[in-house]
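Heads up: the structure comes next, in structure tokens.
In the UniProt record's numbering, the protein residues as written are 1 to 123.
Shown next as structure tokens:
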């Protein structure tokens with residue numbers, strides 16, 4: 001039985017990334033691993049992301065939104081947008097209606113990883 005997928009977010013500066021995810025993005029750490037920390041799970045409500053230090057980028061971020069690092073379904077993307085914006089998160093794409101009946105918001109982290117948050121337009 002499948003239970004949950006946890007996207008891995010690859011970062012160059014682990015401590016700065018952890019501070020960003022647990023600061024402006026509003027996640028909290030579930031655990032941080034390593035004598036010199038290099039891996040963590042962070043959660044916000046029911047969503048969990050894994051943050052992992054890497055020595056060099058693994059994604060060509062020049063490809064833009066075609067390379068989302070994670071997709072997180074939320075109950076109200078507009079409310080989330082307002083809270084993220086107030087907290088100083090980098091809004092890469094403001095909320096917009098998509099042709100697949102969702103309203104999406106994309107934020108960027110310090111490494112250029114794009115995280116899409118979206119809610120169903122039907123409610």
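All C-beta atoms in this analysis are idealised placements derived from N, C-alpha and C, irrespective of residue type, glycine included.
Between the alpha carbons of residue 90 and residue 75 lies a distance of about 20 angstroms.
For residue 8, the enclosing beta strand (DSSP E) covers residues 8-11. Taking a cut-off of 8 angstroms on C-beta distances, the region 87-105 touches the region 22-30, as three or more cross pairs fall below it.
Residue pairing from DSSP places residue 120 in a beta bridge opposite 102. The beta carbon of residue 118 sits closer than 8 angstroms to those of 71, 72, 73, 74, 77, 98, 102, 103, 104 and 105, all from its chain and outside the five residues before and after it, given in chain order. Nearest Cα to residue 122 within the set 49, 100 and 112: 100.
At the C-beta level, residue 10 and residue 56 stay beyond 7 angstroms of one another. Secondary structure of residue 70 (DSSP, three-state): strand. The Cβ atoms of residue 50 and residue 6 lie closer than 7 angstroms to each other. In chain order, 6 and 41 place their CB closer than 6 angstroms to the CB of residue 48, counting only its own chain and leaving out the 5 sequence neighbours on each side.
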